[in-house]
Every structure is written in structure tokens, then in C-alpha cells.
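Numbering (the working numbering), first residue to last: 7 to 334.
Just so you know, even glycine gets a beta-carbon here, dropped at the ideal spot from N, CA and C.
Heads up, the thing below is written out as C-alpha cells.
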């Protein structure tokens, strides 16, 4: 692998479409880490509550904890299956797209993932709102004494796998889409195939993010099931609602930042090819995905893409109802 090739225009030009979604991801995490500064203190207080009250928890606490754990386990299973399937889908696409020259995109994915891994591993959980997303529930469960250290270790392993997948999926999806969409093409049909692939990517990514939001909801709601007083639960529920809504909007912005510029690029390239064709070579009618630029595409044809983009935000926004459903 030559460093001059990694930095060449040929290798880096397709990655220009990675800038908007990467900016959306970094902005979402940076703002949460910077301004959600009370969240770590809240996690410490919740753990302290269980540390003082674990001997006074009602007899039903163990049953409620079991139910909450099984609900969370369901979301873990769904997230693992969807995420692994998504990684396989992206890996196969990247293998075909970057045949013989896979190192530039792989290098970008590894670099972005390593930066986030390094930050998480070397950040104090008492000062990191993002890291508190894990410790909020884990520390409370440890303080409640309802679970043995062995079971807590199993939970930690499961969270570790989920966190690993969540960190690598975003850069892998972004870089793969850039490499695939920017392949040389001289025919409108070739660009149409890429447009259909982009729609599949959007739908797959949206499904993974929705399950991720549901998993976060169930994870953060887990300790609330063990607090008997409704007045104590209410403020915690409202904070969890706000956290879930924030990440739902952040995920939606990330999908939109990837889909909108990429789809516009494909349409513009296809229209440019169409304009260069002779009258005899031009198709009698434009493909439906190109007619969208002229404002004639029906609303019904836009619904799947709009739903995929907006779904994470919608799921995050209905978190109050989900909290009522998942708490007891």
C-alpha cells in the first residue's frame, strides 16, 4: 500500500460525499458531550439511590427487573441481527466496488473508528455524557444488588459488542456509499442501479438506527422499573425522553445528509448524460427517479425515502409513549 495513492485525488475524490454525514455525526456527539453536562451527575445520583435503598426495594423489584431485562434482551437480539446483516451488505458492496484498491476506504473507516474508540476508552465516565449512556444503567444495576457480578459481566460484554458495531457501522456505510456511487458510469441505467442501491442503503440504515433508539430507550428505562415512587420516576423519565429525542433527530439528520446530496449527484449526472445523447439515442421517456428533479414525481413514490429518513426522529419523538409502555 502506497501512501501517495491513499492521498491521491483518485482515492479521495469519491469521499467528498462523506463530509455532510460525518459532520452531522460529529456535531451530534460533540454537542451532546459538550452541553449535556448534567447527565453524568444524574447517573451518579441514580446509582447512589440504589446503593442506599437496595435493602428496602419492594419484593416485586426482582420480577420487574427480570421483565425489563428480557425486553432489553429482545432489542439486543434485533440490533445484533440487523447490524451484522448491514455490515455484510456493506462489506460485499465495498469488495465489489473497490476491487484491487480497497485500502483507501478501509483506511478511512479504521481511522474514524479508532478515534472514537480511543476517546471512549480514555474518557472519565463521570465527565462524559456519551459514556454515561452506558454507566447510567450499569452502575444502577450494580448498586441494586439484584444481579451478581457474573451476570453484570455478561451484560457488559453484550453492551461492548453493541457499542463496537455502532461505532464501525456509520463510517463503513458512509465510505462504502461514496465509493459505490462515484464509480465511472456512462449510461443512465447504471446510475439508476446505484440510485436503487442508495434507497436500499437508506432503508437498511434507518432500520438499524430505529432499533438502536429502541435499545437505548429500554436500556435507560431499565433502572426506573426498580424505583417505587412515581414522583421520583417522573423527572428521570422526562430526561430520558429528551435524550432519546435528541439522538433520534441526530440520526435523521445523518441519513438526510447522506441521502440528499448523493441522490442529487446521481440525478445530475444522469441528466447530463441524457442531454449529451443524440435525439435518436435518447429514451422516449425519462426514468421515474429522474423525473423527480422536474417536480412531477408523485408523492407516493417519495414516501419510502421520506419514511426512511424521518423514522429515527419519529421514534425518538414518541419516546414518552414508549417510556410509559416499558416502565411499570
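Item	Value
For the alpha helix (DSSP H) that contains residue 185, what are its first and last residues?	155-187
Whole angstroms is fine: what's the gap from residue 300's alpha carbon to residue 274's?	At residue 300, the pLDDT of 45 sits below 50, so the modelled position is not reliable and the matter cannot be decided from this model.
Assuming the contact rule is C-beta atoms closer than 8 Å, residue 71 and residue 232 should be a hit. Round their C-beta distance to whole Å, please.	6 Å
Do residue 36 and residue 268 have their C-beta atoms closer together than 8 Å?	no
Buried or exposed: residue 212, going by 16 or more other Cβ atoms within 10 Å of its Cβ?	buried
How far does the alpha helix (DSSP H) with residue 231 in it reach, from first residue to last?	Premise fails: residue 231 is in no alpha helix (DSSP H) and is neither H nor E.
Quick one: what does DSSP say residue 144 is sitting in, helix, strand or coil?	helix
Tell me which residues share the same chain as residue 5 and place their Cβ nearer than 6 Å to its Cβ, disregarding the 5 neighbours each side in the sequence.	With the chain covering 7 to 334 only, the question about residue 5 has no answer from this structure.
Give the range of the alpha helix (DSSP H) segment to which residue 89 is assigned.	67-103
Residue range of the alpha helix (DSSP H) that residue 221 falls in?	194-227
Apply the 10 Å Cβ neighbour rule to residue 302 and answer buried if 16 or more other Cβ atoms are within range, or exposed otherwise.	Any reading at residue 302 must be qualified, since the residue scores a pLDDT of 44, below 50, and its modelled position is unreliable; no value is offered.
Could you tell me whether the Cβ atoms of residue 265 and residue 178 are closer together than 8 Å?	no
Would the region 129-142 and the region 186-200 be scored as touching if the rule is three or more Cβ pairs under 8 Å?	no
Starting from residue 38, trace the alpha helix (DSSP H) in both directions and tell me its first and last residue.	25-41
Sort 194, 124, 317 and 141 by Cα distance to residue 282 and report the nearest one.	194
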